[in-house]
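The opening position of the sequence shown corresponds to residue 1 in full-length UniProt numbering, with each subsequent residue numbered one higher.
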Amino acid sequence: MRVITVTDSNDLVLDTVPDPEPAEGEVLVRVAAAGVNRADLLQRAGHYPPPPGASDVIGLEVSGTVVALGAAVTGWQIGQEVCALLTGGGYAELVAVPAGQLLPVPAGLDLIDAAALPEAVCTAWANLVGTGGLRTGETVLIQGGSGGVGSIAVQLAVAVGARVLTTAGGAERAARCRELGADVAIDHRSDDVVAAVEEATKGRGVDVILDVLGAGGLEDNVRMLATGGRLVVIGTQKGRKGELDLGRLLTRRASVHAATLRARPLEEKAAIVADVLERAWPMLDDGRLRAVVHDRLPLAEAARAHELMDSGEVFGKLLLVP
Numbered sequence: 001m002r003v004i005t006v007t008d009s010n011d012l013v014l015d016t017v018p019d020p021e022p023a024e025g026e027v028l029v030r031v032a033a034a035g036v037n038r039a040d041l042l043q044r045a046g047h048y049p050p051p052p053g054a055s056d057v058i059g060l061e062v063s064g065t066v067v068a069l070g071a072a073v074t075g076w077q078i079g080q081e082v083c084a085l086l087t088g089g090g091y092a093e094l095v096a097v098p099a100g101q102l103l104p105v106p107a108g109l110d111l112i113d114a115a116a117l118p119e120a121v122c123t124a125w126a127n128l129v130g131t132g133g134l135r136t137g138e139t140v141l142i143q144g145g146s147g148g149v150g151s152i153a154v155q156l157a158v159a160v161g162a163r164v165l166t167t168a169g170g171a172e173r174a175a176r177c178r179e180l181g182a183d184v185a186i187d188h189r190s191d192d193v194v195a196a197v198e199e200a201t202k203g204r205g206v207d208v209i210l211d212v213l214g215a216g217g218l219e220d221n222v223r224m225l226a227t228g229g230r231l232v233v234i235g236t237q238k239g240r241k242g243e244l245d246l247g248r249l250l251t252r253r254a255s256v257h258a259a260t261l262r263a264r265p266l267e268e269k270a271a272i273v274a275d276v277l278e279r280a281w282p283m284l285d286d287g288r289l290r291a292v293v294h295d296r297l298p299l300a301e302a303a304r305a306h307e308l309m310d311s312g313e314v315f316g317k318l319l320l321v322p
């Protein structure tokens, strides 16, 4: 099969390797499309290696068709259209996936566009509703609402019944976040985000912050938390190490959480996927949630996709099509 591999000089090249075989408990999927994530750029640069035993091929989510079942797999059929959360291996024509990380493609959803969903929905749902405990009537700030995870998080938070604030780079991107349902979209390139949040919440702050900035946003994020607020960090785009004002956390009885999805044990990922299937996946059927796709590119143009992702101008997801 054809795959994208990373050379010693960190170039992405189209290569050919033997087809994978599904192990016990795995399903072999012929890839229709692979989602491109910022984590892919980190892996390519050597900063986000795959967990032990995982494929070293880049790619954390795909859509496609089941072509073979490993031993002890039940509930899936050859020919079924699926999308999948991966630990790696997505930039390829075939990928073996633990059966617990598969999701059915809802009726009416384009198979290729479905590749934009697994990583983003599982990440947003697990951290907004799971770790963050977001509830109906609360206020949430989603840092980076125009990104692959952020554009899904905005929609999920709206569907939960929260008041949604988000940030985006540029007035046009902020406007598109409002089209996704955000009540307030702040252009972080021209506006003071802390002041805008204070104005929007009348000084109360927000109950939950979903953050991709990391250290560079830590001080401001803590300042924007309401009493009992929860900051959930899922990215480090602006650094890994920062100072934390414990006094402010104490007085507001607030908390800081951090989580990644990729390195979790198979059982934890399967539990997240099952929860998403039960509670978030129906939102695709009734229109509360949709895939947000910036563009589709051929698999051979993976390097171009990474350039676009690194430019900061992508809204939603880029997809690679074998």
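Just so you know, even glycine gets a beta-carbon here, dropped at the ideal spot from N, CA and C.
Practice problem: Can you grab the Cα-Cα spacing for the pair G247 / R223, in whole Å? | Solution: Here the question's residue 247 lines up with position 247 in the sequence shown. Here the question's residue 223 lines up with position 223 in the sequence shown. Cα to Cα, the separation comes out at about 11 Å.
Exercise. Give the DSSP-derived three-state secondary structure of A68 in the structure shown.
Key: Translated into positions along the sequence shown, residue 68 becomes position 68. Strand, per DSSP.
Quiz item: How is the beta strand (DSSP E) around P98 delimited, first residue to last?
Solution: Numbered from 1 along the sequence shown, position 98 holds the residue referred to as residue 98. That run of the beta strand (DSSP E) goes 94-98.
Quiz prompt | Range of the contiguous beta strand (DSSP E) that encloses L184 | solution = Sequence index remark: in the sequence shown, residue 184 carries index 184 (1-based). Leu is not the amino acid found at residue 184; the sequence shown has Val there. Where V184 is concerned, the enclosing beta strand (DSSP E) stretches over 184-187.
Quiz item: Roughly how many angstroms lie between the CA atoms of P265 and L60, to the nearest whole one?
Solution: On the sequence shown, position 265 is the one that residue 265 refers to. On the sequence shown, position 60 is the one that residue 60 refers to. Taking the straight line from one Cα to the other gives about 15 Å.
Quiz item: What runs of the alpha helix (DSSP H), each 4 residues or longer, lie entirely inside the region 213-259?
Solution: 215-223, 246-252
Quiz prompt | For V154, three-class secondary structure by DSSP | solution = Within the sequence shown, numbered from 1, the residue matching residue 154 stands at position 154. In the structure shown, V154 sits in a helix (DSSP, three-state: H, G or I).
Quiz prompt | Of the residues K238, V97, A39, the one placed nearest A84, counting alpha carbons only | solution = As a first step, residue 84 must be located in the sequence shown, where it is residue number 84. That would be V97, whose Cα lies nearest to the Cα of A84.
Quiz item: From R135 to D207, what does the alpha carbon distance come to, in whole angstroms?
Solution: Mapped onto the sequence shown, residue 135 falls at position 135. Mapped onto the sequence shown, residue 207 falls at position 207. Using only the alpha carbons, I get a separation of about 9 Å.
Quiz item: Between the C-alpha atoms of V276 and T131, what's the straight-line distance to the nearest angstrom?
Solution: Position 276 of the sequence shown, counted from the first residue, corresponds to residue 276. Position 131 of the sequence shown, counted from the first residue, corresponds to residue 131. Roughly 14 Å separates the two Cα atoms.
Quiz item: Which two residues bound the contiguous alpha helix (DSSP H) that contains T167?
Solution: Here residue 167 corresponds to residue number 167 of the sequence shown, with the count starting at 1. Per DSSP, T167 belongs to no alpha helix (DSSP H); it is in the beta strand (DSSP E), 163-168.
Exercise. With DSSP as the reference, label V194 as helix, strand or coil.
Key: Position 194 of the sequence shown holds residue 194. DSSP places V194 in helix when its eight states are reduced to three.
Practice problem: Please say whether V73 and A99 have beta carbons closer to each other than 8 Å? | Solution: The residue you call residue 99 lines up with position 99 of the sequence shown. The residue you call residue 73 lines up with position 73 of the sequence shown. The answer is yes: Cβ separation under 8 Å.
Practice problem: Keeping to the same chain, check which residues put their C-beta closer than 6 Å to that of Y48; ignore five residues upstream and five downstream. | Solution: Counted from its first residue, the sequence shown places residue 48 at position 48. The residues are A39, L42.
Exercise. Please state if the CB of A115 and the CB of A33 are separated by a distance shorter than 8 Å.
Key: Counting from one through the sequence shown, the residue named residue 33 turns up at place 33. Counting from one through the sequence shown, the residue named residue 115 turns up at place 115. It is a contact, given that the beta carbons lie within the stated cut-off.
Self-check item: Beta-carbon contacts of I209 that lie in its chain and below 6 Å, excluding the five residues immediately before and after
Solution: Translated into the one-based positions of the sequence shown, residue 209 becomes position 209. L141, N221, L231, listed in sequence order.
Self-check item: Any 3 or more C-beta pairs closer than 8 Å across the region 251-260 and the region 227-241
Solution: yes
Quiz prompt | The alpha helix (DSSP H) enclosing residue 324, as first and last residue numbers | solution = This structure does not reach residue 324, given that the chain is present from 1 up to 322, and the question cannot be answered.
Practice problem: Pull up the distance between the alpha-carbon of G79 and that of D285, whole angstroms please. | Solution: For the purposes of this step, residue 79 is taken as the residue at position 79 of the sequence shown. For the purposes of this step, residue 285 is taken as the residue at position 285 of the sequence shown. Going from the Cα of G79 to the Cα of D285 covers about 21 Å.
Practice problem: On a CA-only basis, which of D295, P298, L297, R279 is nearest L289? Give me that one, please. | Solution: By 1-based counting over the sequence shown, the position of residue 289 is 289. Checked all of D295, P298, L297, R279; the closest Cα to L289 is R279.
Quiz item: Does the region 163-170 come close enough to the region 295-304 that 3 or more CB-CB pairs lie under 8 Å?
Solution: no
Quiz prompt | CB of G185 within 8 Å of CB of A174, strictly | solution = Here residue 185 corresponds to residue number 185 of the sequence shown, with the count starting at 1. Here residue 174 corresponds to residue number 174 of the sequence shown, with the count starting at 1. Reading off the sequence, residue 185 comes out as Ala, not Gly. Against a cut-off of 8 Å, the Cβ pair of A174 and A185 comes out as a contact.
Practice problem: With a threshold of 16 other CB atoms inside 10 Å of the CB of N37, please say whether the residue is buried or exposed. | Solution: The sequence position of residue 37 within the sequence shown is 37, counting from 1. So N37 ends up on the buried side.
Self-check item: Opposing strand residues paired with G141 [DSSP bridges]
Solution: The residue labelled residue 141 in the question sits at position 141 within the sequence shown. Per the sequence shown, residue 141 should be read as Leu rather than Gly. Paired residues: L165, I209.
Quiz item: Can you check whether the CB of V105 is closer than 8 Å to the CB of V29?
Solution: Locating residue 29 in the sequence shown gives position 29, where the first residue counts as 1. Locating residue 105 in the sequence shown gives position 105, where the first residue counts as 1. No, these two residues do not count as a Cβ contact at 8 Å.
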